[in-house]
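Trainee: Per this note's numbering, the sequence shown runs over residues -11 to 260.
A virtual CB, placed ideally from N, CA and C, is assigned to each residue, including glycine.
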Amino acid sequence: MRRVSGSPLAFPPFHGATRLLVLVNLAAYFALALAGLINHDFFEWLYGHGVFDAHDFLHGRLWEPFTYSFVQVGILGTLLALLSLWFLAGFLESYHNSNWVLGLYAVSVLGTALAALVIYLGSPVLHYELPSLSLAGSFGGVFGMLVAIGVLYGDAEFMLFPLPISIKARYLAVIYGLVAIAMLFGEMRLYAFAELGGALFGWLYLRSMPRRGVSYLFSEQWYGMRNRYYRWKRRRAARKFEVYMQKQGRTVRFDGNGRLIDEDQDDKKRWN
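1) Out of curiosity, what's the CA-to-CA distance linking Y193 and G65?
2) Using 8 Å as the Cβ pair cut-off and three pairs as the minimum, do the stretch 89 to 105 and the stretch 130 to 138 touch?
3) Check M176 in the structure and name its three-state DSSP category.
4) Would you mind working out which of I249, V39, F242, V10 sits nearest A104, comparing C-alpha positions?
5) Taking the C-alpha atoms as reference points, what is the distance between A144 and A157?
6) Classify D41 as buried or exposed, calling it buried when 16 or more other Cβ atoms lie within 10 Å of its own Cβ.
7) How big is the Cα-Cα spacing for W88 and L8?
8) Kindly list the residues whose CB is nearer than 8 Å to the CB of D243, restricted to its own chain and excluding five residues on each side of it in sequence; keep chain order.
9) Report yes or no: do three or more beta-carbon pairs, one from the stretch 21 to 35 and one from the stretch 73 to 88, lie closer than 8 Å?
10) Expressed to the nearest angstrom, what Euclidean distance is found between the alpha-carbon atoms of A180 and A21?
11) Compute the distance between the beta-carbons of T100 and G174, then report whether it is under 7 Å.
12) Just curious, the alpha helix (DSSP H) that I137 is in, first and last residue?
13) From the DSSP output, in three-state form, read off F189 for me.
14) S154 by DSSP, collapsed to three states: which one?
15) Look up F2 in the DSSP assignment and say whether it is helix, strand or coil.
16) Which residues share a DSSP beta bridge with E145?
17) Run through the DSSP bridge pairs and tell me what F40 is partnered with.
18) Distance, Cα to Cα, L121 vs I137?
19) Take the Cβ of F146 as the centre, count every other Cβ of all protein chains shown within 10 Å, and call the residue buried at 16 or more, exposed below.
20) Along the chain, where does the alpha helix (DSSP H) containing W51 start, and where does it finish?
21) Could you tell me which residues DSSP puts in a beta bridge with F31?
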């Protein structure tokens, strides 16, 4: 685990992925608020098609896992969500690039929706009563980033707003996790299970993704496949050339990478 010196109690820099996440969520909030002023029915339609509902998702609304995190509820909830995004994403972006932070947020948000879908599908099998709730807000992405900070920078300290005390990141992540587990026994169990899913996928992201982010992983996979294709073409051409030279009465050999083996040079090395 990396150690972080000092206590990051001040606002982190506002740029890159941090600025993008905050501004997009802020724009989505004001867009919904403006729709509510213009036409309440239009607001209800936008809200209903933006939040994540497992039943609606299974019946064709495949975009909801990508949109629900931008549907913030209430002024206070939106303020807390934006401040959390600013603090956590800004802190992570001080040590990682923007692609890595955006990848962590996206994986955590999608993992939250997947966890809600799993409990929705599993509740009838387990005869488990599940209240009808829709997911809205960026709580899954925030929890995923909090877990990332707790794992990577556990000694970093954050202010417990509005209390004038600070707490280490690892303990803050544990407290959030315990609260979510306790909520599993209440009416908000769907939110709690989904939130734990976001934390789990955030942790899996740390274990599977490189430091440079998802785009770096995809580029590495692409270049790896391209290089394997070129090596296959070279070996194929080498085999064809071997057959051709045999027809000409000469023998040539290539190694496993399709490179010509110079037997005369090998003999010189052997005798020298």
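Mentor: On the basis of the supplied data:
1) Rounded to whole angstroms, Y193 to G65 spans 26 Å at the Cα level.
2) Counting Cβ pairs under 8 Å, three or more are found: they touch.
3) In this structure, M176 counts as coil in the three-state DSSP scheme.
4) Cα-wise, what sits closest to A104 is V39.
5) Straight-line spacing of the CA atoms in A144 and A157 works out to 6 Å.
6) Only buried fits D41, as 16 or more other CB atoms lie within 10 angstroms of its CB.
7) Rounded to the nearest angstrom, the two C-alpha atoms are 13 Å apart.
8) Excluding residues within five positions, the ones whose Cβ falls inside 8 Å are I249.
9) No: the two stretches stay apart, fewer than three of their Cβ pairs being nearer than 8 Å.
10) A180 and A21: Cα-Cα distance of roughly 27 Å.
11) No, they are not a contact pair.
12) From DSSP, the alpha helix (DSSP H) with I137 extends over 127 to 140.
13) Assignment of F189 by DSSP, reduced to helix, strand and coil, places it in the helix class.
14) Here S154 sits in strand by DSSP.
15) The answer is coil: DSSP assigns F2 none of H, G, I, E or B.
16) According to DSSP, E145 bridges with K156.
17) Paired residue(s): L123.
18) L121 and I137: Cα-Cα distance of roughly 29 Å.
19) Buried is the call here.
20) That residue, W51, is in no alpha helix (DSSP H); it is neither H nor E in DSSP.
21) DSSP lists no bridge partner for F31.
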